[in-house]
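In my numbering, the protein residues as written are 38 to 356.
Even glycine gets a Cβ: it sits at the ideal position worked out from N, Cα and C.
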Ligand SMILES: Nc1ncnc2c1ncn2[C@@H]1O[C@H](COP(=O)(O)OP(=O)(O)O)[C@@H](O)[C@H]1O
Ligand code: SF4
Ligand SMILES: [Mg+2]
């Protein structure tokens, strides 16, 4: 199968001023040597607890953030290979018509003063696809029904809808330009479990009907195993393990992935053990301070990937 996205050795550092008189800047290594490929027509899951760099990664994928290092390649259906950092303004807007980012928390991302119609067509209005209000209305009517709402809902306001319905509106907004790839950032996390299931079913149906590719970002490994084809597990900005969802579920190899599957995450946070979200230095295993198997090498060297089986790789010195 062919790739739609390739991420190569991506880095993102934020420089925090430690204070006005401070001499040293503090670096936050939010994303560290991140590489993965997304195959066209599949769902790639990025999983990890809050603060591990998932949203930063998504923002680099749509170039809201520029990377500190590394490259992102996009393959449009025309067969070209585009390096995102090299796109000019016009090419970038074209890219952003094909690749959409759906945010977490629809309550805050939908402007309460706008009608649903204005919310979902706002991006279209300033794009190369705008063909006037009449065509936009037809498009919006088709899409609002596709996400399970009614035509007349276009003239109501987002505040009149439930959380699950607002998430449907934000999906409709993401679909209006007929994108090829959608980055879903914690789109079900704020919802009740039964509503989560409905939204995931909707995303599955849309994927099949429109031949979409998803990057599905979540802190919930179980949801990811259910919905994704392949999963990358991140810890403190580092991809520590990657595998097809079924393999990861059966044969998790990284001590952190195992911990996530054992549900020990809750125990750790309730025992007041500090969960550090970013690295202080780049040259160590991100899990070293918490890993029961850590050796000296783990605190002075970032493990490179080891291949276990076809498509399954892990960053850990343990055999
Ligand atoms: N604009 C920013 N400035 C400084 N630090 C940031 C910024 N955005 C994110 N971070 C830091 O980068 C790390 C990763 O954040 P984020 O990508 O939002 O994680 P996640 O989405 O996995 O919860 C966090 O430590 C966060 O505080
Ligand atoms: S590299 Fe070392 S610290 Fe990191 S997970 Fe493996 S054993 Fe643990
Ligand atoms: Mg986030």
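In terms of residues, what are the limits of the beta strand (DSSP E) holding residue 223?
Premise fails: residue 223 is in no beta strand (DSSP E) and is neither H nor E.
Between the region 84 to 100 and the region 130 to 143, are three or more C-beta pairs nearer than 8 Å?
The answer is yes - the region 130 to 143 touches the region 84 to 100, with three or more Cβ pairs under 8 Å.
Evaluate the contact criterion for the region 320 to 329 versus the region 289 to 296: three or more CB pairs, one atom per stretch, below 8 Å.
Taking a contact to require three or more Cβ pairs closer than 8 Å, the region 320 to 329 and the region 289 to 296 qualify as touching.
What are the boundary residues of the alpha helix (DSSP H) that includes residue 205?
Run containing residue 205: 200 to 212, per the alpha helix (DSSP H) assignment.
Looking at the unbroken alpha helix (DSSP H) that takes in residue 235, where does it start and where does it end?
In the DSSP assignment, residue 235 falls within the unbroken alpha helix (DSSP H) covering 230 to 247.
8 Å CB neighbourhood of residue 239 in its chain, flanking five on each side removed
If we look at residue 239 and ignore the five residues flanking it on each side, its Cβ neighbours are 184, 185, 205, 208.
On the DSSP letters alone, give me the boundaries of the beta strand (DSSP E) that residue 254 sits inside.
Looking at the DSSP string, the run of the beta strand (DSSP E) that includes residue 254 is 250 to 255.
Is it buried or exposed, residue 230, if we count other Cβ atoms within 10 angstroms and call 16 or more buried?
Exposed is the call here.
Suppose you measure from the CA of residue 288 to the CA of residue 348; what does that come to, to the nearest Å?
Approximately 12 Å between the Cα atoms of the pair.
Got a sec, what are the start and stop residues for the beta strand (DSSP E) residue 110 sits in?
From DSSP, the beta strand (DSSP E) with residue 110 extends over 106 to 111.
Between the alpha carbons of residue 107 and residue 67, how many angstroms are there, rounded?
Within the model, the alpha-carbon separation for residue 107 versus residue 67 is close to 14 Å.
Which of helix, strand or coil does DSSP assign to residue 176?
In the structure shown, residue 176 falls within a helical segment according to DSSP collapsed to helix, strand and coil.
In or out: residue 52 buried (at least 16 other Cβ within 10 Å) or exposed?
Under this definition residue 52 is an exposed residue.
Within this structure, are the beta carbons of residue 154 and residue 192 separated by less than 8 Å?
A contact, by the Cβ cut-off of 8 Å.
Keeping to the same chain, check which residues put their C-beta closer than 8 Å to that of residue 50; ignore five residues upstream and five downstream.
Hits under 8 Å: 64, 65, 66, 67, 105.
Are the Cβ atoms of residue 247 and residue 316 separated by less than 8 Å?
Residue 316 is positioned such that its CB atom lies no closer than 8 Å to that of residue 247.
Compute the minimum distance between the beta carbon of residue 222 and the heavy atoms of ligand 4, and state whether it is under 7 Å.
By its list of ligands, the structure shown excludes ligand 4, since it contains just ligand 1, ligand 2 and ligand 3.
Using a Cβ-Cβ cut-off of 6 Å (strictly less than) and excluding sequence neighbours within five positions of residue 302, which residues of its own chain qualify?
With a pLDDT of 49 at residue 302, under the threshold of 50, the modelled position of this residue cannot be trusted; read the value that follows with caution. Annotation for residue 302: no residue places its beta carbon closer than 6 Å to its own, counting only its chain and skipping 5 residues before and after.
Going by DSSP in three states, residue 39 sits in which element: helix, strand or coil?
Coil, per DSSP.
Quick check: the region 276 to 287 against the region 68 to 84, are there 3 or more CB pairs under 8 Å?
The region 276 to 287 vs the region 68 to 84: in contact.
Give a single yes or no on whether residue 152 has its beta carbon closer than 7 Å to a heavy atom of ligand 2.
No, the beta carbon of residue 152 sits no closer than 7 Å to any heavy atom of ligand 2.
Buried or exposed by the 16-neighbour rule on C-beta atoms within 10 Å, applied to residue 149:
Answer is exposed; the Cβ neighbour count stays below 16.
Our contact map puts residue 228 next to residue 201 with C-beta atoms below 8 Å; I'd like the distance itself, whole angstroms only.
About 6 Å separates the two Cβ atoms, so the contact holds.
Return yes when the Cβ of residue 84 is within less than 8 Å of the Cβ of residue 359, no when it is not.
In the structure displayed, the chain extends from 38 to 356; residue 359 sits before or after that span and is not available.
Near ligand 2: residue 330 beta-carbon under 7 Å from a heavy atom:
Inclusion of residue 330 in the 7 Å shell around ligand 2 follows from its C-beta lying nearer than that to a non-hydrogen atom of the ligand.
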